[in-house]
Amino acid sequence: MKAFRIIFISLILVFLYAPIAVLVGNSFNSSKYGQKWGGFTLKWYEKLLENDSLMTAFGHSLLVAVLAATTAVVVGTLMTLAIYRYRFPLKKTTSSALFILMMSPDIVLAITFLVLFMALGVSLGFWTLLLAHTTFCLPFVVITVYAQLKGFNPYLFEAAKDLCASEWQIFTRIVLPLLLPAIAASWLLSFTLSLDDVIISSFVTGPEYEVLPIRVFSMVKVGVSPEVNVLATLLLVVSTISIAIFVLLTKNKQLNKSN
Amino acid sequence: MSDKSVLLAFNNVSKRFDSSDILVDFNLDIYDGEFFTILGPSGCGKTTVLRLIAGFERTNDGVITIDGKAVNDIPAEQRPVNTVFQSYALFPHMNVEQNIAFGLKMTGVPKAEIQQRVTEALELVKLSGFEKRSPSQLSGGQKQRVAIARAVVMRPRLLLLDESLSALDHKLRQQMQMELKQMQRRLGITFVYVTHDQEEALSMSDRILVMNNGQAQQIGTPREIYEQPSNLFIARFIGEINVFDGTVIEKVNEFSYLVDIGGVSKKVRCDQRLQENDPVHVMVRPEDLRIEYLEDKPQGRSGFMGIVVERSYTGQTLDSLIDLGEGRMIQSSEFFNEDDPDFDYSIRQKVWVDWVEGWEHVIKKSAI
Ligand SMILES: Nc1ncnc2c1ncn2[C@@H]1O[C@H](COP(=O)(O)OP(=O)(O)O)[C@@H](O)[C@H]1O
Ligand SMILES: [Mg+2]
Numbered sequence: 001m002k003a004f005r006i007i008f009i010s011l012i013l014v015f016l017y018a019p020i021a022v023l024v025g026n027s028f029n030s031s032k033y034g035q036k037w038g039g040f041t042l043k044w045y046e047k048l049l050e051n052d053s054l055m056t057a058f059g060h061s062l063l064v065a066v067l068a069a070t071t072a073v074v075v076g077t078l079m080t081l082a083i084y085r086y087r088f089p090l091k092k093t094t095s096s097a098l099f100i101l102m103m104s105p106d107i108v109l110a111i112t113f114l115v116l117f118m119a120l121g122v123s124l125g126f127w128t129l130l131l132a133h134t135t136f137c138l139p140f141v142v143i144t145v146y147a148q149l150k151g152f153n154p155y156l157f158e159a160a161k162d163l164c165a166s167e168w169q170i171f172t173r174i175v176l177p178l179l180l181p182a183i184a185a186s187w188l189l190s191f192t193l194s195l196d197d198v199i200i201s202s203f204v205t206g207p208e209y210e211v212l213p214i215r216v217f218s219m220v221k222v223g224v225s226p227e228v229n230v231l232a233t234l235l236l237v238v239s240t241i242s243i244a245i246f247v248l249l250t251k252n253k254q255l256n257k258s259n
Numbered sequence: 001m002s003d004k005s006v007l008l009a010f011n012n013v014s015k016r017f018d019s020s021d022i023l024v025d026f027n028l029d030i031y032d033g034e035f036f037t038i039l040g041p042s043g044c045g046k047t048t049v050l051r052l053i054a055g056f057e058r059t060n061d062g063v064i065t066i067d068g069k070a071v072n073d074i075p076a077e078q079r080p081v082n083t084v085f086q087s088y089a090l091f092p093h094m095n096v097e098q099n100i101a102f103g104l105k106m107t108g109v110p111k112a113e114i115q116q117r118v119t120e121a122l123e124l125v126k127l128s129g130f131e132k133r134s135p136s137q138l139s140g141g142q143k144q145r146v147a148i149a150r151a152v153v154m155r156p157r158l159l160l161l162d163e164s165l166s167a168l169d170h171k172l173r174q175q176m177q178m179e180l181k182q183m184q185r186r187l188g189i190t191f192v193y194v195t196h197d198q199e200e201a202l203s204m205s206d207r208i209l210v211m212n213n214g215q216a217q218q219i220g221t222p223r224e225i226y227e228q229p230s231n232l233f234i235a236r237f238i239g240e241i242n243v244f245d246g247t248v249i250e251k252v253n254e255f256s257y258l259v260d261i262g263g264v265s266k267k268v269r270c271d272q273r274l275q276e277n278d279p280v281h282v283m284v285r286p287e288d289l290r291i292e293y294l295e296d297k298p299q300g301r302s303g304f305m306g307i308v309v310e311r312s313y314t315g316q317t318l319d320s321l322i323d324l325g326e327g328r329m330i331q332s333s334e335f336f337n338e339d340d341p342d343f344d345y346s347i348r349q350k351v352w353v354d355w356v357e358g359w360e361h362v363i364k365k366s367a368i
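Chains A and B supply the protein sequences, listed in that same order. Residue numbers are given in full-length UniProt numbering: position 121 of the first sequence equals residue 121, and the series is strictly consecutive. Residue numbers are given in full-length UniProt numbering: position 115 of the second sequence equals residue 115, and the series is strictly consecutive.
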């Protein structure tokens, strides 16, 4: 029975991770088409650095991911605080709207953005891309931050007020420090989401502002080049690290428990 | 209280939540330097009163004054009032010292003074040496002390405590009751303490306000509240009490009446003016009843025959449930001499129930 379980789990792991292992392996494989192991090499990594169009797309992707994550985190945190602390008209609507945004299939969002930008007559490029990415990251920020906020003793904020803190002091000395793990976590999540988005990006950006996933997508149509393996490996590393940090940050419930 | 200057007053204050009235025309005076307790069952509006004082809620009507000045429009952070929250509400990302220093920092007190006042506050709550602990490393009782220190260090005119001890276990609670009372005397700060626990209220307070359904029922010293409850609700809420329904037969002299209680006439004292045939409640605390183990009614005395139906031994007292017939059950609580060989613990004996004249408390029926 126990042996069976071990075999079963191993099979699942192989099924899940074998493709990734092959990909990572091939990024170091000197044989070009990757059918057999031709020896360890870093030449594909060098090649990638020399590939201007890929590197430009990579740079665009990073820039958009950093800006979108940052904007989403700032706007999202403020929205969360508003939803948490104040009563205002359409409060319910605001939070349901965020949920709908999160649950919608990417393709629907993509079309929606495209229609909107067309109607407004904006030319597709950096700004439309940034706006779209910020928007689809927003609900994830709100949900992460709100979950943490809900975990706090609601009287913390009154206690601070009772001890003569102004609204600004409450924000900087109580709310921000306590929310920092959630804020950092949602930034990383947004960053990753933005970095590997293909569908929405392909609808809302133009040819003169290409991002990495789209560039790769068009490259693999004519066969997988080893540079793509390298890129994928690098992205994998980046995503794994940010997800790991995200998990660590949100798992640290010690702050919540201490009340 | 030698000088009774009013520190805090509610003048005809009303408070509504979502169109349901919580307080209506509520009036209250709290004197400078007293330990004032607001006592009432859960949901009667005690916390609402505290939150109005602290400035977390606004009145719908009426005026709240502190030191004679209306504070309705003064926000919480500017009132000379601090709160000890029931859930402690310590800042989890700050250590004990930083928690206590927080309010002083916010008001711009110089660093050296903050240091000194924090040290004093820690000494006051007996937590010296705990400066660097984080709240998650403290027990419930210690968190409570930090919460108190954090408020007291601000030197407020009024310290508000909402059910502050109810989360602690019985023994710790009794110890903290004593300490709170001592602390209040030493600091001379006016304490407004909220609780639903009558024992706690009786043991700590200079004066008690009994509340029910958002209304002030009675204000008085613990003794007045316990011995002369002004209505049946208070009588029953403040500990156990036996209520005999009776009718006034005649006036004997001023404050003294002859009352018929189910065929037995008793002479009772009453400060209220009563007329013949007025229905009254004659109330006697279980510990004020006198129990004698007699088989028959003694001649020439007015009292009640009954049968013991339940007994429980509490350590200091022997509590009995006595059936007087016609569905009337009363409770008695006897102090006893452990060495008395005749002391009878069994049930179903016949007993004679009576009380010392004047130990009863009489109010006119439906005086609620
Ligand atoms: N923020 C609020 N919104 C609506 N109703 C409230 C609010 N706070 C208290 N109440 C209601 O007011 C009444 C009194 O509450 P409270 O003052 O907390 O009572 P207590 O502290 O005596 O238990 C309760 O019926 C409660 O449901
Ligand atoms: Mg309450």
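Here a beta-carbon is modelled for each residue, glycine too, at the ideal position from N, C-alpha and C.
Look at which beta carbons fall closer than 6 Å to any heavy atom of ligand 1; those residues are B:Phe-17, B:Asp-18, B:Ile-22, B:Gly-40, B:Ser-42, B:Gly-43, B:Cys-44, B:Gly-45, B:Lys-46, B:Thr-47, B:Thr-48.
Residues of chain B with a Cβ closer than 7 Å to the Cβ of A:Pro-177 are, in chain order, His-93. A:His-133 sits in a helix when the DSSP states are folded into three classes. By the Cβ criterion, the stretch 100-115 of chain A is not in contact with the stretch 224-241 of chain A, since fewer than three pairs of Cβ atoms, one from each stretch, lie closer than 8 Å. Taking CB atoms only, B:Thr-317 has no neighbour in chain A less than 7 Å away. Straight-line measurement puts the Cα of B:Leu-127 at about 22 Å from the Cα of B:Val-109. In the assembly as shown, A:Val-22 is an exposed residue. Its beta-carbon has fewer than 16 other beta-carbons within 10 Å. A direct Cα-to-Cα measurement between B:Ile-100 and B:Lys-181 gives close to 21 Å. Secondary structure at B:Leu-165: coil, using DSSP grouped into helix, strand and coil. In the structure shown, B:Leu-158 adopts extended strand secondary structure according to DSSP, grouped into three states. Scanning its chain for C-beta atoms nearer than 6 Å, with the 5 sequence neighbours on each side dropped, one finds around B:Ser-320 the residues Val-308, Arg-311, Ser-332, in chain order.
Counting the other CB atoms within 10 Å of its CB gives B:Ala-149 a total of 16 or more, which places it among the buried residues. For A:Ser-190, the enclosing alpha helix (DSSP H) begins and ends at 176-195. If the five residues before and after B:Asp-278 are omitted, its C-beta is found closer than 8 Å to the C-beta atoms of Thr-247, Val-248, Lys-364, Lys-365, all from its own chain and listed in chain order. Pairing B:Arg-145 with B:Lys-4, the inter-Cα distance amounts to about 29 Å. Straight across, the Cα-Cα distance linking B:Asp-25 with A:Thr-80 is about 38 Å.
Comparing alpha carbon positions, the residue from B:Leu-324, B:Arg-348, B:Thr-314 closest to B:Phe-335 is B:Thr-314.
In the DSSP secondary-structure assignment, B:His-281 is bridged to B:Asp-245, B:Ile-363. Taking a C-beta distance under 7 Å as the contact criterion, A:Leu-163 and B:Met-183 do not qualify as a contact pair. In its chain, beyond the 5 residues on either side, Val-264, Ser-265, Lys-266 have a beta carbon closer than 7 Å to the beta carbon of B:Ser-302. Short of 8 Å from the beta carbon of B:His-196, and not among the five residues preceding or following it, lie these beta carbons of its own chain, in chain order: Leu-39, Gly-40, Pro-41, Ser-42, Lys-46, Glu-163, Ser-166.
Residue-level contact check: A:Leu-156 touches chain B, since one or more beta carbons of chain B fall below 7 Å from its beta carbon. Interface annotation for the stretch 155-178 of chain B against chain A: empty, criterion Cβ-Cβ distance under 8 Å. If you check each beta-carbon in the stretch 33-51 of chain B against every beta-carbon of chain A, none falls closer than 7 Å. Here the stretch 67-74 of chain A makes no contact with the stretch 9-18 of chain B; the two share fewer than three CB pairs at distances below 8 Å. Scanning its chain for C-beta atoms nearer than 6 Å, with the 5 sequence neighbours on each side dropped, one finds around B:Asn-60 the residues Ser-14, Lys-15, Arg-16, in chain order. In this structure, DSSP gives B:Glu-310 an extended state, which the three-state scheme calls strand. Taken atom to atom, the span from the alpha-carbon of A:Arg-173 to that of B:Val-152 is near 21 Å.
Considering only beta carbons, no part of the stretch 74-103 of chain A lies closer than 9 Å to chain B. When Cβ-Cβ separations below 7 Å define contact, A:Ala-159 makes contact with chain B. Residues Gly-34, Asn-229 of the same chain have their beta carbon placed closer than 6 Å to that of A:Asn-26, with the five preceding and five following residues left out of the count. In this structure B:Phe-36 is in contact with B:Phe-191, their Cβ atoms being roughly 7 Å apart against a cut-off of 8 Å. Note on geometry: alpha-carbon atoms of A:Leu-101 and A:Val-73 lie some 16 Å from one another.
Taking 7 Å as the cut-off, the beta carbon of A:Val-175 is found no closer than this to the beta carbon of A:Gly-76. Nearest neighbour of B:Phe-255 by Cα position, chosen from B:Glu-34, B:Leu-124, B:Arg-269, turns out to be B:Arg-269.
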